[in-house]
Each structure stands twice: as C-alpha cells, then as structure tokens.
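Visitor:
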Amino acid sequence: MPEQNPYAPPQAQVADIDELVTGEHAPALWNPNAAASWSLLFTPIFGAYLHMRNWEALGQPEKAASSKNWVIGSLIFVLLLIIVPLLLPESKGMDAIGRACAFALLITWYYAMGKSQQAFVLGKFGKAYPRRGWSKPLLAAVGGLIALFAIVFVVAFVIAMAGGEF
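Residue 70 is where the sequence shown starts when you use our numbering, and the numbers rise one by one after that.
1) Can you have a look at F222 and say buried or exposed, based on whether 16 or more other CB atoms are within 10 angstroms of its CB?
2) Taking the alpha carbon of T177 as the reference point, which residue from S136, L207 and A197 has its own alpha carbon closest?
3) Apart from the five residues on each side of it in sequence, which residues of its chain come closer than 6 angstroms, Cβ to Cβ, to T112?
4) Taking the alpha helix (DSSP H) that K161 belongs to, which residues open and close that run?
5) Count the other CB atoms within 10 Å of the CB of G232; is the residue buried (16 or more) or exposed (fewer)?
6) Tell me which residue opens and which closes the alpha helix (DSSP H) that L10 is part of.
7) Rank K184, I141 and L127 by C-alpha distance to the C-alpha of A105 and give the top, closest one.
8) Indicate whether P154 and G162 have their beta-carbon atoms separated by less than 8 angstroms.
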C-alpha cells in the first residue's frame, strides 16, 4: 500500500472530472480562439479549415462538412474579391467596397461557425485538452498568400498584355 502524505490536501477520485481536468480523452486540437484570431490576417479560409479539422477530430462530421463549405465558399469569395477589381476601372470606392466585403465575410463566418466551436470546446474540455502545433498551418498560410500574390500578378500581367487597363 502506497504511503500517503498526511499533509496533502484531500483528493476525490472521480473519473469523469479527472478526464476533463487532465484532457486524457480529448483529441489534439488547434485552439479555436487562436484560429479565429489568425483569420484576421489569413482570411476565414484559414480559420474555417482548422475548425473543419478540429470538428473531424471531435467526431462531428456534420459540423466538419459545414466548415468545409465555408472553406470553399470563402475561397471563391476571396478570389472574386481579387479578380473582379482587375477587370473594372480603378477607384477608391471599389477598394472600400472590397475591404468592407472581406470584413463582412470574416464577421459572418465567426458568428455563424467559429464561435460555436469555441463554446463547444470550452464546454466539453475547458482549457484542458492537447494542443496541436501552429508551425505547419502558419507556414501553409504564408505559402498560400505568396501563391495568391503570384496568381494575381500573373492574371494582371495577362490582362495588361491583352490590352486591359489598370
């Protein structure tokens, strides 16, 4: 029989509470709050993708499918926000509308999907769950931004060579 410290505080052995505190059965997740915050820089595509992967790890295929739809929809929306101004005459009004639409997309995604995962994870695991690393998703996001700038440059170059105006 192991010796117990008589000066240690009393401890209750409750299995379900111990699991919540230690996070033993919680899957490794990206912090949903941080994913939403990084979406300010990397668009909702980034946050929706990480939330999709989190929902998959949490065993929530319906919510993962919904997040996947947000990834695809956000990708199309962002590409349209980039390509459409290349085809129209330059104006400050169009730039302002583009920025407002991008911000509206972020806010809509956050309140429609992002916030629900934060509440779910907090309610189920609290802050005691294994965390996934950020190096791979952040490097992928930076690589995606570089690729996006390269695509925009090529499209703008092709339009300029075809006689389009900027």
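No residue lacks a Cβ here, since even glycine has one placed at the ideal position from N, Cα and C.
Guide: Answer, in terms of the structure:
1) As a position in the sequence shown, residue 222 is number 153, starting the count at 1. By the neighbour-count criterion, in which 16 or more other beta carbons inside 10 Å mark a residue as buried, F222 falls on the exposed side.
2) Taking the sequence shown and counting its residues from 1, one reaches residue 177 at position 108. Taking T177 as reference, the option from S136, L207 and A197 with the minimal CA-CA separation is S136.
3) What you label residue 112 is simply residue 43 of the sequence shown in a count that begins at 1. Contacts found: V147.
4) For the purposes of this step, residue 161 is identified with residue 92 of the sequence shown, where counting begins at 1. K161: member of the alpha helix (DSSP H) spanning K161 to W178, first to last residue.
5) On the sequence shown, position 163 is the one that residue 232 refers to. It counts as exposed.
6) Outside the displayed range of the chain (70 to 235) lies residue 10, so it cannot be described from this structure.
7) For this step, residue 105 is matched to residue 36 along the sequence shown. Nearest C-alpha to A105: K184.
8) For the purposes of this step, residue 154 is taken as the residue at position 85 of the sequence shown. For the purposes of this step, residue 162 is taken as the residue at position 93 of the sequence shown. At the C-beta level, P154 and G162 stay beyond 8 angstroms of one another.
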